[in-house]
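In the numbering used here, the protein residues as written are 5 to 338.
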Amino acid sequence: NSNVRIIGLNSNSDYQIQDQLDWLDSILFMTSLDNTIDFVFAQLHHPHKSEQWTPGKTSFTGDVISLLENFTTSSGKPTIHFYVHTHGYSRGQSKDHTHLMVNVATSGGYIDYWGEWPQEDYEEYSISQDEWGYVFLEVKAGSDPQFTLKRLSNGDDFISKKNSLEDIVTIRLYNNPPNTPTGIFPLYLDTINSSSMILIADNFSDQDGDLHGSSQWQISNDCNDFTSLIFDSWKQYENWYLDINTQENDNLRDEVIRSLDGSSNYCWRVRYRDRSLAWSEWSTPIPFVTDNSIVNNKLIKIIDILGREVNKESNTILFYIYNDGTVEKKIIIE
5 NSNVRIIGLN SNSDYQIQDQ LDWLDSILFM TSLDNTIDFV FAQLHHPHKS
55 EQWTPGKTSF TGDVISLLEN FTTSSGKPTI HFYVHTHGYS RGQSKDHTHL
105 MVNVATSGGY IDYWGEWPQE DYEEYSISQD EWGYVFLEVK AGSDPQFTLK
155 RLSNGDDFIS KKNSLEDIVT IRLYNNPPNT PTGIFPLYLD TINSSSMILI
205 ADNFSDQDGD LHGSSQWQIS NDCNDFTSLI FDSWKQYENW YLDINTQEND
255 NLRDEVIRSL DGSSNYCWRV RYRDRSLAWS EWSTPIPFVT DNSIVNNKLI
305 KIIDILGREV NKESNTILFY IYNDGTVEKK IIIE
């Protein structure tokens, strides 16, 4: 229909077969060659991951997602898979692909409330709600193809709502990525406290005017090799789980690291994603060193970048000087 291909699939147990996956793969291949189609929406019953009812998931849907993700990356055409089975709303997105995963339930009937079933907070998901409601999708064709997904809620047995807008996301076919972030702290060969440290990058910017959607932080032993990671964190701008936004105070520009090996060499990098799901390039990797001897040293004084002795201040670069001559650079943000 118009610039969208809608694909219906059967995820019931008797149809979780390779023939259906092969058929889907062939449809996606033909779609990749069709310049009149900008987006693909697939729908099936069972989820791959379900935050509000984990026993309802099936690996078959995971196989479907893999095909959709690969199609999206190779063709550049964004995709969604819609599902139900769990009685509540959820919306997530693949980490490395322009693919949404959306539970469109439930317009009526029983709700799978928080605390009733085995439940899990998955990193892909930004929001889950145990409420009645509807999902609306508006698609635009033409020179700037895009779609906007909205969730309207009618509340639950305890709280009444009337078509309350609870979630909205817009995905564009031609979406410029954010500007590549720059690492601010630690800088080249800085010596860092191994027991507790913080990574800091500069402000998010995007030529399309998109807002900051997520950040991914990585630490490796080698600036030329990030295949074996010491630390890997992906945080999104919101994470509504158990009716609480666990990401409410995260500006996505810094990341706390609780523990690294002392007297070791590391390298870190970060990338930013906009809310239309485009990733920036990775920042230039920055090497740094940990020194756990700082933990037990006595602090002598704190100076600023001009060498002036100061008290602790916010939003500034400070140097902590210890009794053994060790100097620790810190950026204080409050």
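Backbone N, C-alpha and C define an ideal beta-carbon position, used for all residues, glycine too.
Suppose the cutoff is 6 Å on Cβ atoms and the five residues either side in sequence are ignored; what does the same chain contact list for residue i look like?
i: Gln220; result: Trp238, Arg275
i: Ser17; result: none
i: Ile10; result: Phe45
i: Trp121; result: Trp57
i: Ser198; result: Leu264, Gly266, Thr294, Asn296
i: Asn183; result: Ser209
i: Asp125; result: Tyr245
i: Asn3; result: In this structure the chain extends from 5 to 338, so residue 3 is not present and cannot be described.
i: Ser268; result: Thr294
i: Trp118; result: Asp134, Leu246
Say the cut is 7 Å; is the CB of residue i nearer than that to a heavy atom of the ligand HEM?
i: Leu246; result: Ligands displayed in this structure: none; no statement on the ligand HEM is therefore possible.
Kindly list the residues whose CB is nearer than 8 Å to the CB of residue i, restricted to its own chain and excluding five residues on each side of it in sequence; keep chain order.
i: Thr65; result: Ser15, Leu48, His50, Pro51, His52, His85, Tyr87
i: Asn180; result: Asp210, Gln211, Asp212, Ala282
i: Leu193; result: Pro291, Phe292, Val293
i: Pro59; result: Trp121, Pro122
Name the residue from the options whose alpha carbon lies nearest to the alpha carbon of residue i.
i: Asp171; options: Arg95, Asn249, Asp116; result: Arg95
i: Asn158; options: Ile115, Ser198, Leu177; result: Ile115
i: Ser54; options: Phe33, Asn74, Gly92; result: Gly92
i: Leu169; options: Pro182, Thr152, Thr184, Ser267; result: Thr152
i: Tyr270; options: Arg262, Arg257, Thr250, Pro291; result: Pro291
i: Phe162; options: Pro59, Trp136, Asn179; result: Trp136
i: Leu256; options: Lys166, Leu233, Leu203, Ser268; result: Leu203
i: Phe33; options: Asn253, Asn7, Leu72; result: Leu72
i: Ser218; options: Ser98, Leu193, Ile31, Asp247; result: Ser98
i: Lys144; options: Glu313, Ser6, Tyr245; result: Ser6
i: Asp258; options: Asp42, Met201, Asp38; result: Met201
i: Leu104; options: Ser70, Gly113, Thr90; result: Ser70
i: Pro190; options: Gln251, Val260, Asn74, Asn253; result: Val260
i: Ser78; options: Ile248, Pro149, Leu37; result: Leu37
i: Leu40; options: Asp247, Pro149, Leu233; result: One detail in the question is off: residue 40 reads as Thr in this sequence, not Leu. Taking only the C-alpha atoms, the option nearest Thr40 is Pro149.
Compute the beta-carbon to beta-carbon distance between residue i and residue j, rounded to the nearest angstrom, for a pair I have assumed lies under 8 Å.
i: Asp278; j: Asp206; result: With 8 Å as the limit, Asp278 and Asp206 do not qualify as a contact, their Cβ atoms being about 15 Å apart.
i: Thr195; j: Val293; result: 5 Å
i: Tyr138; j: Ser164; result: Not a contact, Cβ separation roughly 16 Å.
i: Thr102; j: Thr76; result: 5 Å
i: Ser280; j: Arg155; result: With 8 Å as the limit, Ser280 and Arg155 do not qualify as a contact, their Cβ atoms being about 17 Å apart.
i: Gln20; j: Thr62; result: 7 Å
i: Asp134; j: Asp100; result: At roughly 29 Å, the Cβ-Cβ gap does not stay under 8 Å, so Asp134 and Asp100 are not in contact.
i: Phe235; j: Gln222; result: 7 Å
Return the chain-ordered list of same chain residues with a C-beta closer than 7 Å to the C-beta of residue i, the five sequence neighbours on each side being excluded.
i: Asp67; result: Leu25
i: Thr186; result: Ala205, Asp206, Ser287
i: Leu141; result: Phe151, Leu153
i: Gly12; result: Gln47
i: Gly113; result: His91
i: Cys227; result: Cys271, Pro289, Pro291
Problem set entry | Those runs of the beta strand (DSSP E) which lie wholly inside the region 38–109 and span at least 3 residues | 43–47, 83–87, 93–97, 103–108
>> For the structure I just gave you, are there three or more beta carbon pairs, one from the region 240–253 and one from the region 117–131, closer than 8 Å?
In response: yes
| query | Where are the alpha helix (DSSP H) runs, 4 residues long or more, that stay fully inside the region 246–274, in chain order? | reply | none
| task | Note down, one range per segment and in chain order, each alpha helix (DSSP H) of at least 4 residues found wholly within the region 180–205. | result | none
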